[in-house]
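Using the working numbering, read the sequence shown as starting at 1 and increasing by one per residue.
Using N, Cα and C, we set each Cβ at its ideal position, and we do this for glycine too.
Please read these numbers as outputs of a predicted model, since none were measured by experiment.
Data first, discussion second: the structure below is written as C-alpha cells.
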Amino acid sequence: MYKNLIVGCGLSGSVIARLLAENGEKVLVIDKKDHIAGNIYDYTDVNGICIHKYGSHIFHTNNEKVWKFINKFADFNTYMHKVIAFIDGIETTIPFNLNTLYDVFPKSLALRLEEKLLSAFEYNTKVPILEFQKQEDKDLKFLSDYVYKKIFLHYTAKQWGKTPEEIDGSVTSRVPVYISRDDRYFQDKYQGIPLKGYTELIKNMLDHPDINVQLKTALKDLQSADTELFKKFDRIFCTCSIDEFFNYKYGELPYRSVNFKFETHNCEYYQTNAVINYPCNYDFTRIHEYKYYLGDKSDKTVIAKEYSEFFERGKNERYYPIENNENRLLYEKYKKEIPQKVYFLGRLGDYKYYDMDKAIERALTLFEEIK
Ligand code: UDP
C-alpha cells in the first residue's frame, strides 16, 4: 500500500488527500495551523454568523468535473456574487459595465458613451483595462481614463503597491470592463457558497478511514523528529511555498498578505452588499459583510476591513503570489531541484494566483498524472 505525506491541509492538500485515499492509499496530512481548511477556513461566531477568516470566498466554476467533485462534500446555495464600488460618493457595480455608465455619468453622456462602446466592442465582451485604454475616440478615451483612475489606479496601489502597468496583466484582467448589463462579478455556470461552510466541506473531504490529519505540525518538525522521514513515504505532496521547502537557499519568493480588521456592529446590516470596494478612498481596499453569504439572521453584523501588506515571515500569512518574470525565474530555479517523488501544488506550491476551482482542477490533473 502506498504511503503519502501531504504538507498543508487547505483546499489543494485536502483534494489530493481524498483522491489518494479513494484510490486505496494511506495518507498523512500535516498543517502548521491549528485548524483544517487553510485559507478557506470559516467558522460560526457567537452571533450565528459564518465568518470567512481569511477573506470572502465565493465558489465559481465552469468546470463540470470540478463542480461534481466538490458537490460530493457539500451542498451549495445559489449565491451569485456582486461587488459594489464606492466612487465619488456613488455606489455602483464592479466590473464597470453598461449599467455603471448610468450610475456615474449624467444620462446624456452615459447614452453617448454606451452607443460608442457598442460600436467599438461586441456586446458581452470583456475588455481588460490595459486593452481598454488603447482608444482613439475622444469620448472613449475620456471613459477609459475615468475607469483607469477611479477603479484601478488607487486600488491596485493599495493592493500591490504598484501601478496597473507594473503588475502582471492577468491580475487586472480578472476584473475587466464588461460590455454588458450583467452586474455579477462572475459569469460562471456554477456559483455558490457551501451551506454549512467551507470548513465543514473540507472536514467531509478528509473524513476517510485512510486519511490521518495532524495539525500544528510543520514539515520541519517531522523532519527534525525523524531524519529518515522521507524514506517512510512513497510520495510527498507540498502545498507550502517552494522556497520554504528548500530553506530559502536561493532567496525568498515574495507574496502579498492581507490584514483583516474585524468589527461587530449593533445593527442588522452595515452596508448594502457583501463586498464594497473603495478604489478611491481610505487605506483599506474593501469591506466584507459576512452574513450576506448564507443569509444568516442576527440583530448584529460582522464586517472586516481589508488592508493589503507585504508578506513577512512570522508576521502574517501568504495570500497572493506576485507573478512576474523575476519571481517566476526564482520559482523555476527551485523547481529544478524538486526531489523525485515530491510534488508541488496549490496557490503557494505552484506560485500561481489560482481561484478555488483552478486549485481543485490542478489537484485532479496531478492525481491523474501520477496514479
Ligand atoms: N482591481 C482594482 N479595482 C477594483 C477591483 C479590482 O483595481 O475595484 C484590480 C486589483 O489590481 C486587484 C485585481 O483587479 O488586485 C483583481 O481583483 P479581484 O477582485 O479578482 O481580487 P481578489 O478577489 O482575488 O483579491
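Contacts around residue i, its chain only, beta-carbon distance under 6 angstroms, and the 5 residues preceding and following it disregarded
i: N204; result: F73
i: Y354; result: R347
i: I84; result: E91, N273 and I276
i: V175; result: P95
i: K189; result: N62
Where the beta strand (DSSP E) through residue i begins and ends
i: G192; result: Y190 to G192
i: Q214; result: I211 to Q214
i: N372; result: Nothing can be reported for residue 372, as the shown portion of the chain is limited to 1 through 371.
i: T61; result: F59 to T61
i: Y343; result: V342 to F344
Bridge-paired residues (DSSP) for residue i
i: T92; result: A85
i: P321; result: Y255
i: L5; result: L28 and I236
i: H375; result: Because the chain spans 1 through 371 in this model, residue 375 falls outside it and cannot be assessed.
i: I51; result: Y43
i: T264; result: V302
i: E309; result: S257
i: V127; result: V177
i: N97; result: Y178
i: F76; result: P194
Range covered by the alpha helix (DSSP H) that runs through residue i
i: Y293; result: K291 to L294
i: A359; result: M356 to I370
i: D283; result: From DSSP, D283 is part of no alpha helix (DSSP H); its letter is neither H nor E.
i: Y198; result: Y198 to L206
i: Q159; result: H154 to W160
i: E115; result: K107 to A120
i: Y146; result: K138 to V147
i: A17; result: L11 to E22
i: G169; result: G169 to T172
i: Q223; result: L219 to A225
Sequence-distant residues of the same chain with beta carbon closer than 7 angstroms to residue i, five excluded per side
i: Y334; result: I242, D243, F246 and Y250
i: V213; result: C9, V29, I36 and L206
i: L111; result: none
i: I51; result: D42, Y43, D45, Y290 and V302
i: K162; result: T156
i: G169; result: P128 and L130
i: A359; result: L11, S12, G346 and R347
8 angstroms Cβ shell around residue i - same chain, five flanking residues per side excluded
i: E122; result: I179
Contact with chain D by residue i, beta-carbon distance below 8 angstroms
i: Y334; result: Chain labels in this structure do not include chain D; a single protein chain is all it has.
Requested in this report: Give a yes or no on contact between the segment 352-370 and the segment 10-21, applying the rule of three or more CB pairs nearer than 8 angstroms.
Outcome: Yes, since at least three Cβ pairs between the segment 352-370 and the segment 10-21 fall closer than 8 angstroms, the two stretches touch.
Requested in this report: Pair every Cβ in the segment 49-64 with every Cβ in the segment 217-227, then say whether three or more of these pairs are closer than 8 angstroms.
Outcome: Contact fails: fewer than three Cβ-Cβ distances are below 8 angstroms.
Query raised in the report: Per the contact definition of three or more C-beta pairs closer than 8 angstroms, is the segment 254-261 in contact with the segment 313-320?
Result: Flag = yes, the segment 313-320 and the segment 254-261 touch.
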